[in-house]
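Inspection log for the structure reproduced underneath, given as structure tokens.
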Amino acid sequence: MADYQPADSGFALDRDCKTLARHVLEQLHSFGPEAQDLSALMNRIALAGKLIARHLSRAGLMESALGFTGETNVQGEAVKKMDIYANDVFISVFKQSGLVCRLASEEMDKPYYIPENCPIGRYTLLYDPIDGSSNVDINLNVGSIFSIRRQQGDDLDHTGADLLQDGHQQLAAGYILYGPSTVLVYSIGRGVHAFVLDPSLGEFILATENIRVPSHGPTYSVNEGNFWQWEDSIRDFTRYVHRHDGYSARYTGALVADFHRILTQGGVFLYPGTTKKPEGKLRLLYETAPLGFLIEQAGGRASTGTQEIMAVVPGEIHQRTPFIVGSSEDVALVESFIQDHSRRQDTLLAHQEK
Numbered sequence: 002m003a004d005y006q007p008a009d010s011g012f013a014l015d016r017d018c019k020t021l022a023r024h025v026l027e028q029l030h031s032f033g034p035e036a037q038d039l040s041a042l043m044n045r046i047a048l049a050g051k052l053i054a055r056h057l058s059r060a061g062l063m064e065s066a067l068g069f070t071g072e073t074n075v076q077g078e079a080v081k082k083m084d085i086y087a088n089d090v091f092i093s094v095f096k097q098s099g100l101v102c103r104l105a106s107e108e109m110d111k112p113y114y115i116p117e118n119c120p121i122g123r124y125t126l127l128y129d130p131i132d133g134s135s136n137v138d139i140n141l142n143v144g145s146i147f148s149i150r151r152q153q154g155d156d157l158d159h160t161g162a163d164l165l166q167d168g169h170q171q172l173a174a175g176y177i178l179y180g181p182s183t184v185l186v187y188s189i190g191r192g193v194h195a196f197v198l199d200p201s202l203g204e205f206i207l208a209t210e211n212i213r214v215p216s217h218g219p220t221y222s223v224n225e226g227n228f229w230q231w232e233d234s235i236r237d238f239t240r241y242v243h244r245h246d247g248y249s250a251r252y253t254g255a256l257v258a259d260f261h262r263i264l265t266q267g268g269v270f271l272y273p274g275t276t277k278k279p280e281g282k283l284r285l286l287y288e289t290a291p292l293g294f295l296i297e298q299a300g301g302r303a304s305t306g307t308q309e310i311m312a313v314v315p316g317e318i319h320q321r322t323p324f325i326v327g328s329s330e331d332v333a334l335v336e337s338f339i340q341d342h343s344r345r346q347d348t349l350l351a352h353q354e355k
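Each step along the sequence shown adds one to the number in this note's numbering, with nothing skipped, and position 279 is 280.
Dropping the structure here:
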């Protein structure tokens, strides 16, 4: 009997079968314990994304989905109802999973521990449950950002002190973008890959493998409403792109959406510090380090303006950083304005001291 040969539709069928969990195992070329763990972790994150996407699709019909709770989070920011729902989703998904001992998010003052998982759970999930939650009420794109780190030590005092390490300690990172389609992008240090949720299957199916960010792009993305609160160097960069052809401003107010555009089309996203808050707004562990991990895997760069994001060691779990991310040439251009301004300041100071 002749060997069986797949029909002509075999390629398309194989693509439909390339689920997120399968892709992780193929990336690692292993079915060993850690490969199985990472595959299971990504499957749980995908489940959280499906639940949040479903809730968002019905947000306008449910009183509990829109608006503010009347409370503030640890950073003193007003909390949206969707922030709380999404945060609770991630906790519920990982309960009794045996995978994650603790979760940390910007909505919680301290890490959340799952005692039943801690004897065997070797990982920590760090996440921003809903990035850009102010967009929910007006039906614009929002997203979730996640990072996986290996737990180091027993953390007996429950402070999560071992999380205070640079971005190179991340095992995996990614985000889920909720828009016309629900897209999950992830990396385990072997390239950046995008999956689209197929509602008919209820699965994230591989859409784009090994994404590479162009070395230069036409987009600059920044909240120019803060123009007069920035340092002179960032204002000078903004004036530069205003005067030169080939640049377009695109800014949605949702970090994940703006980052996704930069990742796929090139350009630069900026969320600099201000004169009042030089440390910036974005959180290192939940936002800038995970996205820095992704952009480096795609051939781009992420910087504070003076230091690579991935090299920053946080002093506390809610530390903020300025953020410049995107195509390598465009990030370098922004840094050149910062360096020029710093040199001018040093020269001025030297003259004053004479």
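The beta carbon of each residue, even a glycine, is placed where N, CA and C say it ideally should be. All figures in this text were calculated on a predicted structure; none of them were measured in a lab.
Best match in the options for proximity to residue i [C-alpha to C-alpha]
i, options, result
"H342", "C18, S135, M109 and T307", "T307"
"L48", "S93, Q28 and S106", "S93"
"K277", "V90, P323, E117 and T125", "P323"
"F91", "T239, S148, N140 and Y221", "S148"
"Y86", "I53, G301 and G267", "I53"
"D246", "T220, V214, E225 and V269", "T220"
"V214", "G226, D331, D237 and V335", "D331"
"L264", "E35, H217, G203 and R55", "H217"
"S201", "Y114, G175 and T183", "T183"
"D138", "R59, T289 and A195", "R59"
"Q266", "H243, G300 and S234", "G300"
"Q171", "L295, N224, F32 and I46", "L295"
"L42", "V143, K282 and R123", "R123"
"V223", "A208, D158 and G268", "G268"
"R55", "Y179, L26 and F32", "Y179"
"R262", "N142, L127 and D110", "N142"
"I46", "P34, L127 and Y114", "L127"
Interface flag, residue i vs chain D, CB-CB below 9 Å
i, result
"L198", "Considering every chain present, this structure includes no chain D. It has just one protein chain."
Inter-residue Cα distance where the pair is residue i and residue j
i, j, result
"F205", "Q346", "51 Å"
"Q340", "G50", "40 Å"
"Q166", "G154", "13 Å"
"G112", "Y241", "Sequence inspection shows Pro at residue 112; the Gly mentioned does not correspond to that position. Roughly 43 Å separates the two Cα atoms."
"N44", "S337", "41 Å"
"G226", "Y272", "12 Å"
"Q37", "E232", "47 Å"
"G281", "A255", "16 Å"
"L57", "R344", "48 Å"
"F32", "T20", "16 Å"
"L185", "D84", "19 Å"
"C18", "S188", "19 Å"
"F270", "I235", "12 Å"
"M109", "D89", "11 Å"
"P116", "E27", "32 Å"
"R244", "T275", "23 Å"
"S328", "D158", "41 Å"
"A22", "L29", "11 Å"
"Y114", "I131", "20 Å"
Cβ-based neighbour list, residue i, same chain, cut-off 8 Å, excluding 5 preceding and 5 following
i, result
"G293", "G168, A303, E309, I310, M311 and V326"
"E64", "Annotation note: pLDDT 49 at E64 (below 50); position unreliable, coordinate value reported separately. Counting only Cβ-Cβ distances below 8 Å, and skipping sequence neighbours, we find nothing."
"N118", "F95, K96, Q97, S98, G99, L100, V101 and C102"
"V1", "Since the first and last residues shown for the chain are 2 and 355, residue 1 lies out of range."
"D163", "Q152, Q153, G154 and D156"
"A208", "V184, A195, F196 and V197"
8 Å contact criterion, which residue i and residue j should meet: CB distance rounded
i, j, result
"G190", "N211", "G190 to N211, Cβ: 13 Å. No contact."
"I177", "S145", "5 Å"
Beta-ladder partner(s) of residue i, from DSSP
i, result
"V143", "Y179"
"I206", "T20 and V197"
"F324", "Y272"
"S135", "Paired residues: none, contrary to the question."
"T220", "S249"
"V186", "Y176 and A195"
Cutoff 6 Å; reference residue i; Cβ partners in own chain excluding five residues on either side
i, result
"D129", "E107, I146, Y287 and E288"
"L198", "T183 and F205"
"V25", "L39, S40 and M43"
"A333", "none"
Residues near residue i by beta carbon distance below 7 Å, same chain, minus five either side
i, result
"S134", "K81, M83, D84 and V143"
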